[in-house]
Amino acid sequence: MSKFQAPKGVSEYFPPNSNQFEYVRKQLLRTARLAGYNLIELPVFEDTEVFTRGVGESTDVVSKEMYTFEDRGGRSITLRPEGTAGVMRAVIEHNLDKGQLPVKLFYTGPFFRAERPQAGRYRQFYQVGIEAIGYSDPEIDVEVIAVADSAFKALGLKKYKLNITSLGDSISRDAHRKDLVKYIAGLKLDEATQVRAQLNPLRLFDDKREEIKTAMAKAPLLLDYLNKESKQHFETVQGLLKNIGIEFKINPRMVRGLDYYTGTTFEFDHEMLGAQSGIGGGGRYDGLMASLGGADVSGIGFGLGVDRILMACQAENSLPAVINQIQLFIAPITDAGKAAGFKLLAELREAGITCDMAYGDRALKGAMKAADKSGAKYGLVIGDDEITTGNCELKLMSSGEVISSSLDASELIQKIGK
Ligand code: HAM
Numbered sequence: 001m002s003k004f005q006a007p008k009g010v011s012e013y014f015p016p017n018s019n020q021f022e023y024v025r026k027q028l029l030r031t032a033r034l035a036g037y038n039l040i041e042l043p044v045f046e047d048t049e050v051f052t053r054g055v056g057e058s059t060d061v062v063s064k065e066m067y068t069f070e071d072r073g074g075r076s077i078t079l080r081p082e083g084t085a086g087v088m089r090a091v092i093e094h095n096l097d098k099g100q101l102p103v104k105l106f107y108t109g110p111f112f113r114a115e116r117p118q119a120g121r122y123r124q125f126y127q128v129g130i131e132a133i134g135y136s137d138p139e140i141d142v143e144v145i146a147v148a149d150s151a152f153k154a155l156g157l158k159k160y161k162l163n164i165t166s167l168g169d170s171i172s173r174d175a176h177r178k179d180l181v182k183y184i185a186g187l188k189l190d191e192a193t194q195v196r197a198q199l200n201p202l203r204l205f206d207d208k209r210e211e212i213k214t215a216m217a218k219a220p221l222l223l224d225y226l227n228k229e230s231k232q233h234f235e236t237v238q239g240l241l242k243n244i245g246i247e248f249k250i251n252p253r254m255v256r257g258l259d260y261y262t263g264t265t266f267e268f269d270h271e272m273l274g275a276q277s278g279i280g281g282g283g284r285y286d287g288l289m290a291s292l293g294g295a296d297v298s299g300i301g302f303g304l305g306v307d308r309i310l311m312a313c314q315a316e317n318s319l320p321a322v323i324n325q326i327q328l329f330i331a332p333i334t335d336a337g338k339a340a341g342f343k344l345l346a347e348l349r350e351a352g353i354t355c356d357m358a359y360g361d362r363a364l365k366g367a368m369k370a371a372d373k374s375g376a377k378y379g380l381v382i383g384d385d386e387i388t389t390g391n392c393e394l395k396l397m398s399s400g401e402v403i404s405s406s407l408d409a410s411e412l413i414q415k416i417g418k
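Heads up: the sequence shown begins at 1 in our numbering, then just goes up one per residue.
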């Protein structure tokens, strides 16, 4: 065992797996870009209050899972457990909501939650997220869901399901809360659970303990309390989803792990991932900006778990067999070949051809072995003969087929680039 190990429960990627990770993240980002979202790059730590206020004290994320520490100036700092609160902090601070609306932003990076590690649940994990701020029409809810759905489709995923519900507006939530609190008051609960229920009674729907599940089986459901506007909004969302062929299930007991949600909320689950099946989730958070000291501007977004989506792609075997393949591997077998090869590398790379070379002294056999091991599409041996004649043979490594070319960079680029 090596002297040092990575901290417990973090996800790490190195070749060849990191190529798949990179591919998955790129596809997710590409879909956000295609829908007109722009990058927002933020710090991985924020003032702790951004999360206690933004995400909510009743959540496990805030009460049990934050990496919080005092910085050298005595300020309380927290490693971001999620992206939305920080994005809102930045939107308010830089007045991003004062221009054209909606503001459409995407982000990616590591997030930190001190959870009990298990397959698919890490203490440092990766998300790709989008946020659409300042537009409250149901169309944008559907756009956000559709972006996630097309990202999954772009990765070839099939075995996932979309669950949606609505948490309504504040009038609907207040009406429901009154009855729910009454219902919960009639249950026998331990003190910690009572405290949680006081902070946010909806949390009890999310409790994994059998006795609480049974106790909550007859609890009043928020969906039955939606007022006219909230109902209409949710129905439009459903209609639009059907129109564009996105299948969904309404799950009135779904509770997201963060307290800022209002209106439409959703989660995507993958069938082959076992206990940690959530590959992405999100929803509206119409009061969040105001609660962080900004204007009362609405928003909706999602966070997709890159680690889990990679696992889902591996389970479905949906990724291309070869990712980030080196196009050409040069194997020089003489000093003159080395010099020529080195010059070619620079020219080919400048032209956008991915290439590498065997360094050190190698005989023909060793050089070809290195070309084989590199996984490159083409191999090219350069010895004194090639230098003298100016001609060479590109070998297609998969079949052994040989293509004649001159050693001239532009001809090679043309032949390899095809
Ligand atoms: P979330 O549901 O807490 O939402 O996280 C989004 C996704 O991140 C999850 O569906 C899951 O795939 C992944 N994830 C969460 N925790 C872990 C973990 N410990 N290990 C591995 N993957 C994990 C949010 O974070 C919201 N900020 C999403 C959002 C954006 N809502 C509105 N805008």
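In this text, a Cβ means the ideal position worked out from N, Cα and C, and glycines have one as well.
Note that the structure is a prediction, hence the values are computed from the model and not measured.
- For residue 391, the enclosing beta strand (DSSP E) covers residues 391-396.
- Residue pairing by DSSP places residue 269 opposite 161 and 278 in a beta bridge.
- Secondary-structure assignment with DSSP links residue 405 through a beta bridge to 392.
- Bounds of the beta strand (DSSP E) holding residue 124 are 124-133.
- When DSSP states are grouped into helix, strand and coil, residue 311 belongs to the helix group.
- Here the distance from the Cβ of residue 131 to the nearest heavy atom of the ligand HAM is below 7 Å.
- Taken through DSSP and simplified to helix, strand or coil, residue 415 comes out as helix.
- Non-local beta-carbon contacts of residue 113 in its own chain, meaning distances under 7 Å to residues more than five positions away in sequence, involve 61, 65, 81 and 123 in chain order.
- Spanning the alpha carbons of residue 188 and residue 115 requires a straight line of approximately 28 Å.
- The straight-line gap separating the alpha-carbon atoms of residue 71 and residue 40 is approximately 24 Å.
- Cβ-Cβ distances below 6 Å link residue 351 to 413 in the same chain, with the five nearest sequence neighbours on each side left out; the list follows chain order.
- Of the heavy atoms belonging to the ligand HAM, at least one sits nearer than 7 Å to the Cβ of residue 84.
- Per DSSP, reduced to three states, the secondary structure at residue 95 is coil, with no helix or strand assignment.
- When secondary structure is reduced to three states using DSSP, residue 121 falls in the strand class.
- The three-state reading of DSSP puts residue 254 in coil, since its state is none of H, G, I, E or B.
- Pairing residue 43 with residue 283, the inter-Cα distance amounts to about 23 Å.
- The three-state secondary structure of residue 365, taken from DSSP, is helix.
- Short of 8 Å from the beta carbon of residue 313, and not among the five residues preceding or following it, lie these beta carbons of its own chain, in chain order: 20, 24, 155, 156, 157 and 319.
- Distance from the CA atom of residue 105 to the CA atom of residue 37, rounded to whole angstroms, is 5 Å.
- Set against 7 Å, the gap from the CB of residue 60 to the closest heavy atom of the ligand HAM is not smaller.
- Taken through DSSP and simplified to helix, strand or coil, residue 200 comes out as coil.
- Straight-line measurement puts the Cα of residue 254 at about 21 Å from the Cα of residue 228.
- If you draw a straight line from the Cα of residue 131 to the Cα of residue 392, it comes to about 53 Å.
- The nearest non-hydrogen atom of the ligand HAM is 7 Å or more from the C-beta of residue 149.
- Proximity of the beta carbon of residue 287 to the ligand HAM is not indicated: no heavy atom of the ligand is located closer than 7 Å.
- Residue 75 carries a coil assignment under DSSP once its states are collapsed to helix, strand and coil.
- Where residue 330 is concerned, the enclosing beta strand (DSSP E) starts and stops at 328-332.
- Per DSSP, reduced to three states, the secondary structure at residue 104 is strand.
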